[in-house]
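Residue numbers (full-length UniProt numbering): 1 to 841.
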Amino acid sequence: MYLYNLTLQRASGITHAVHGNFSGTRTQELVVSRGRSLELLRPDPNTGKVHTILTTDIFGVIRSLMAFRLTGGNKDYVVVGSDSGRITILEYSQAKNQFERIHMETFGKSGCRRIVPGQYLAIDPKGRAVMIGAVEKQNQKRMAEGSGSEWDDDVTSAYLKGASSISPPPRMDLKDFIDSSNKFFVRFPIETARVKTLVKAGRDPGEAERFVNSAYPVLHERCLPLYAAFLRHKESHGTDEEKALYAGMDVVGLVERLLRKRPATFFARGDQYLLRDGTRGAGGFERIGTPQEAPPLLLRDYLSYDEMKLSALLAVSSRSFFVNDGSRQTRRGGAPGSFQASGVIVGMVGARLKRKGLMEWQDCLVTPDQNTEARGYGARAAPAQLQAVWARLWGRALPTWREADARDEGFLRVSKNMLLNVGVYKARMRLTAEVLLAEAGARAAAEGLKAYVHVVGLGLGVWRASKDQDALFADAWGEALQAAPSTAHVAHVDFSWIGADTCLGVRDGQLFPGTQVTIHFSRRALHDPVPAGTTLVVSYAWDGNALPGNEYWVGKLSSTGDGAAACSSQVAELHNAHINANVSGANLHVAGPWGVVHVAEYARRSLSHSAKRARRSPSSPPPLPSPPPQGKLRSLPSVASAVKGEGPAAAAVEGSEINFRDSYPQTSARISHPIYADLESLEDHETSQFSLGCRAGDVDAPPASKTFRRDLGGALPSRPQLDKLHQRHVSAAVCPAPFTHYPISARQSGLTRLLYPITCSTEDFGEVSAQGKGVAIWHLGTGETKRFSPLRGRQTLSKPVSGHSPSASALPAPPPAPYLRSSIVQEAEMSETRLPDLCHF
């Protein structure tokens, strides 16, 4: 039985219309859409009237309509895009007087999603292709960086000052680790993956100890201000129990609590648990931290639901031995060679959308009873509500039901009274993706290899609210890949057992655009072997309120991914804060602009950066210094030399320069070197200078120089001002070949940046060199783009370039801001440039 929703009176407004010859009779005809119906109209050449030939209901909202004729054909077809995400090709059958479906691309394959505000079709006039486009509107804002931050920077800085003096825990001896494991208060259901068992079986004890000390918790840098704001909020607006607990607690102390104050197990919709003292039960966690709490579920001993939402953002990573392939059917040791012997494993938590009104349900789902202003939703929400703190993380006010239900974009209808907030859900999953990418790159770089990243569907099992989350999950990963400043140490991203077939349009086996990362959609087991030259980095689905393994501790070894991970790797011991002293707040690592670093290092760098910014004086900026005299610059030897000059320019280069050298055969080809002056790496009003030079054989040529300065005091410079700045602060090239300079400016959140595509002839010389602070150098050679990041010392590209001349339009876009910053900035304004064909940002 099928139920249809039809109106008594048909819609009269025409939303789309195309003309063509659809019946094959050489008669001009029209196909029009009236929202939920298609009509075939034919004008009468004698009377001038338009007659309706056919009307058919579509049972969907038509979003796009085009006519399409195959090469050599004598009739037109109709291409229809609907709100279901499907793209359908229809043919009009004159004999049956109906539209017949010839082909249909289903949801997820067309690239057009119903969450998207508009779908766009383009038809090749020669009948060779139908081109499909879709745009998803996002209004994300910069959150935890610089001026204009919506966080309270003073609150965050206060907590970071305490973290800056934290020392990592001392290394743990293997014997001490085994003793700690033997004293653990819950019995291990199997012994296969325990350290003492593996060492007895012949695994290297030295490597086992190294894996123990490789463990640490890791957090996205955007979550640090969230944790700080949470503590301040609870101190001001919490219950009496919460105020007493959080008084004097810092972010590191909060992380320590999130790692240790957990039950052994916590699962199912009814919150079944096994406490650390062996007590079993179900439910009652909603009362923790309130006047109604009762033993044994007390705030001093266990996490509240508000804290579980925070702990779900916290991951734990380590290297580990593997004992089988990690499939849920394999509980014991596997046959040697049938699985990867060791690798990196990261416990991460997805979005739990099954507990009404709790955890991620509060942000990702919209319902009439939950999303009200009284509960902290909407633009006028009361600051006393904790939801206002989370809204700042997502960069948008969490909407009321009335606001969300009235919109046509950004929300996916789950049921009559439930919407999925697509932007917030993708932002939540993107946080985990960015952390895993950063961690994989750091771990692989330390081993001198590239990472094969195995991605599991976090929250895509019993926690999901909509079957469409798989596609959104994969696309969130695509956005993380797009924003990543470097994927040099990531070779593969494998979406395992995830119900999607594209990652932002990239299919299985294809390279993700702008990277050398191959995308896979597979059903591989967790620890299946990986290609030579790669190290396996796997994620496993953890829980924000359980010890690693979760159901594993009550003997459920194959029912969940947690149990399978604990049976196949060392996470039950290595990731356990009650066994491994390295899994502690004092060993917190942060994924941020400096890679994955210890929280103390991150805090010191962040505080230093903030202090320099605070010293700026926009009202009276210092004058721009002239470039140092050419006589003060040393000629460039076979490697780039440091700039030796006087005044602020030379001081800005000291200690943080980027050096670049490139070698070429002696040809007359013109090679482009886009030099991206990343002014965000400079402090306000700070000046930097970089030089470019070349050499012919053994003869060094004096370099050409540029000076630039970051200035936040005013608006984006006008076109004449940019030209004047360019003429004043760029000296003429004195190399044996000409250099051409094209300044291009962009503005992102008020930060000025300059891109200088440096085009030079390689005739009579074989090397180009450059150095300077705040300079990222992109190289365009044999079609392969190389990026050289600031603050990493000299980097050399020795691959010769063939003698072709790359076109200006092929120049790459400027790189994003330092790691995980520009990924939040979605809106950029571009000024006009004298070379429009270079503006492919």
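For every residue, glycine included, the Cβ atom is placed at its ideal position computed from N, Cα and C.
Item, Value
"Of the listed residues L8, I14, E39 and R10, nearest to F22 (C-alpha basis)", "E39"
"Straight-line Cα distance separating L245 from D468", "40 Å"
"As assigned by DSSP and simplified to three states, the class of T265", "strand"
"Short Cβ contact (8 Å threshold) for S82 with A586", "no"
"Runs of alpha helix (DSSP H) wholly within the segment 142-227 (minimum 4 residues, chain order)", "153-163, 174-182, 195-200 and 205-212"
"Rounded separation between H16 and V32 - CA only", "6 Å"
"Assigned secondary structure, T518 (DSSP; H/G/I helix, E/B strand, else coil)", "strand"
"Residue from V252, I190 and D176 whose Cα sits closest to the Cα of K161", "V252"
"Pairwise C-alpha distance: G350 and D271", "17 Å"
"Contacts around T534, its chain only, beta-carbon distance under 8 Å, and the 5 residues preceding and following it disregarded", "A444, L449, K450, A451, Y452, A491 and H492"
"Beta-carbon proximity list for P43, same chain, < 6 Å, skipping 5 on both sides", "V50"
"Pair within 8 Å by beta-carbon distance, E221 and V590", "yes"
"Residue closest to V422, alpha-carbon to alpha-carbon, out of A433, A465 and Y552", "A465"
"Buried versus exposed call for H804 [16 or more other C-beta atoms within 10 Å across all chains shown]", "Because H804 sits at a pLDDT of 32, beneath the cut-off of 50, its placement in the model cannot be relied upon, and the following sentence gives the value as read from the coordinates. Classification of H804: exposed, given that the 10 Å Cβ count is below 16."
"Element boundaries [beta strand (DSSP E), containing F495]", "V490 to S496"
"Three-state secondary structure assigned by DSSP to Q98", "strand"
"Outcome for L458 when other beta-carbon atoms lying within 10 angstroms are tallied against a minimum of 16", "buried"
"N- and C-terminal bounds of the beta strand (DSSP E) containing K450", "K450 to V455"
"Contacting residues, own chain, Cβ-Cβ under 8 Å from residue 878 (five flanking each side not counted)", "In the structure as shown, the chain starts at 1 and stops at 841, and residue 878 therefore has no counterpart that could be examined."
"Cβ separation of A11 and C567, assumed to be a contact under 8 Å, to the nearest whole Å", "A11 to C567, Cβ: 58 Å. No contact."
"Three-state secondary structure (DSSP) of Q362", "helix"
"Close Cβ partners of E105 (< 7 Å) along its chain, the five nearest in sequence each way excluded", "R86 and I87"
"Check whether F321 and L419 have beta carbons under 8 Å apart", "no"
"Close Cβ partners of L231 (< 8 Å) along its chain, the five nearest in sequence each way excluded", "Y159, Y246, M249, D250, V251 and L254"
"Proximity to Y425 [Cα-Cα], best of S415, K200 and G395", "G395"
"Distance, L121 Cα to I132 Cα", "5 Å"
"First through last residue of the alpha helix (DSSP H) which encompasses F473", "Q469 to A483"
"At least three beta-carbon pairs within less than 8 Å, the segment 349-369 to the segment 304-324", "yes"
"Cβ pair Q340, V195 closer than 8 Å", "no"
"Sequence-distant residues of its chain with Cβ nearer than 6 Å to G410 (five each side left out)", "V422 and G423"
"N576, buried or exposed, once every other Cβ within 10 Å from all chains shown has been counted against 16", "buried"
"Cβ-Cβ separation, I288 to L299 (assumed contact under 8 Å), whole Å", "5 Å"
"Q385 in three-state terms, based on DSSP", "coil"
"T432 (DSSP reduced to helix, strand or coil)", "helix"
"Proximity of V78 and L70 at Cβ, strictly below 8 Å", "no"
"Beta-ladder partner(s) of M418, from DSSP", "S415"
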